[in-house]
Amino acid sequence: MPLKLKLIYVLCCLIDIVAYIYHREWLGFASAFPVLCLLTFYFLQRKGDYKLKDYTYSFGLLLAAVADITFEFRTNNAKAISMIFFMLSFSFYIATVRKETVFTASSKEFSKIFLNLLLIIAPFFIVFSEMPAGFFFSSIIYMVFLSLFYITALLRKTNKSSYQWLIAGALAFALLTVCEAYFTFIIKVPYDGVITKVIYGFAQYVTFMGIITTFKNFYPASEK
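If you read the sequence shown in the UniProt record's numbering, its first letter stands for residue 1, the second for the next number, and so on.
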């Protein structure tokens with residue numbers, strides 16, 4: 001991505017953070033700016049020549065924007081509902097990148113997947129008694145789809161650059177989810193909302209980079 005576009009994305013993230021700090025009651029919609037910015041970049045990158053995989057990723061970003069706005073109501077019910085929207089968003093991300101996953105069914109690969117999924121999900125089960133039931137169960141559904149996204153990224157061996165970006169995105173989303181749960185119910189830290197927004201902006205960005213680095217694999221004929 002050109003430096004100019006990176007700076008525009010950083011600016012959108014900063015607008016979101018400033019709006020959250022000073023006017024979160026009135027400017028909650030600003031939380032959708034980063035993903036809408038990425039959606040605009042994606043559309044410009046494809047030059048309007050959309051194919052099926054372009055639509056799936058675009059729908060995923062739109063659902064993420066809806067989840068962002070819903071989340072800013074900051075009630076437990078709103079957070080639970082936003083997780084459902086994020087779950088749907090991940091399902092579109094998975095549909096976008098699943099074509100190139102390669103599973104060798106080796107014991108090493110099975111154990112690697114199992115241990116990584118355990119690390120992703122374990123923080124929720126450790127503190128589940130501290131969470132309201134609605135938030136806990138919606139987070140489990142969310143984590144299932146996040147885990148599927150992670151597995152898809154982990155098994156993506158035909159495009160090393162895309163694999164690395166998508167792994168970073170899935171891990172950043174996992175870190176974001178754990179931080180949000182712990183900051184809400186377990187520990188209080190200064191500027192917790194800012195911390196989660198920074199992690200979220202990074203997660204969406206690296207996922208975006210993972211998607212756009214697959215163009216040659218998605219459209220081999222058009223790249224010749």
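Beta carbons are placed, not taken as given, at the ideal position from N, Cα and C, and that holds for glycine.
DSSP state of residue i mapped onto helix, strand, coil
i: Arg46; result: helix
i: Lys4; result: helix
i: Cys12; result: helix
i: Arg156; result: strand
i: Phe73; result: coil
i: Lys53; result: helix
i: Pro34; result: helix
i: Ala19; result: helix
i: Met143; result: helix
i: Val66; result: helix
Span of the alpha helix (DSSP H) around residue i
i: Phe185; result: Lys160 to Phe185
i: Ala80; result: Asn76 to Val97
i: Ala203; result: Asp192 to Ile212
i: Ser107; result: Ser107 to Ile126
Closest residue to residue i among the options (Cα-Cα distance)
i: Pro34; options: Ile15, Tyr150 and Leu176; result: Ile15
i: Pro2; options: Tyr22, Tyr20, Tyr42 and Arg24; result: Tyr42
i: Ile8; options: Phe110, Lys53 and Leu38; result: Leu38
i: Ile69; options: Tyr57, Ile84 and Ala174; result: Ile84
i: Ala122; options: Phe110, Glu109, Phe136 and Pro132; result: Phe136
i: Glu72; options: Lys197, Val206, Gly210 and Met209; result: Lys197
i: Ala64; options: Asn76, Ile81, Ala32 and Thr207; result: Ala32
i: residue 226; options: Phe110, Lys51, Leu36 and Thr214; result: Summary: the structure shown does not reach residue 226, with the chain confined to residues 1 through 224, and so no result is reported for it.
i: Val144; options: Ala174, Met131, Ser162 and Val189; result: Ala174
i: Tyr163; options: Ser58, Thr207 and Pro190; result: Thr207
i: Leu5; options: Thr40, Ile17, Ala30 and Phe29; result: Thr40
i: Tyr22; options: Leu146, Gly169 and Tyr191; result: Tyr191
i: Ala133; options: Ser106, Ile81 and Gly169; result: Ile81
i: Cys179; options: Ala170, Ala19, Ala168 and Ile195; result: Ile195
Assumed close pair residue i, residue j - CB separation to whole angstroms, cut-off 8 Å
i: Ala181; j: Phe124; result: 6 Å
i: Arg98; j: Thr152; result: 5 Å
i: Phe149; j: Ile94; result: 5 Å
i: Phe183; j: Glu130; result: Incorrect: roughly 12 Å between the Cβ atoms, too far for contact.
i: Phe92; j: Tyr57; result: 7 Å
Beta-bridge pairing of residue i - partner residues as DSSP gives them
i: Arg24; result: Partner(s): none; Arg24 has no beta bridge.
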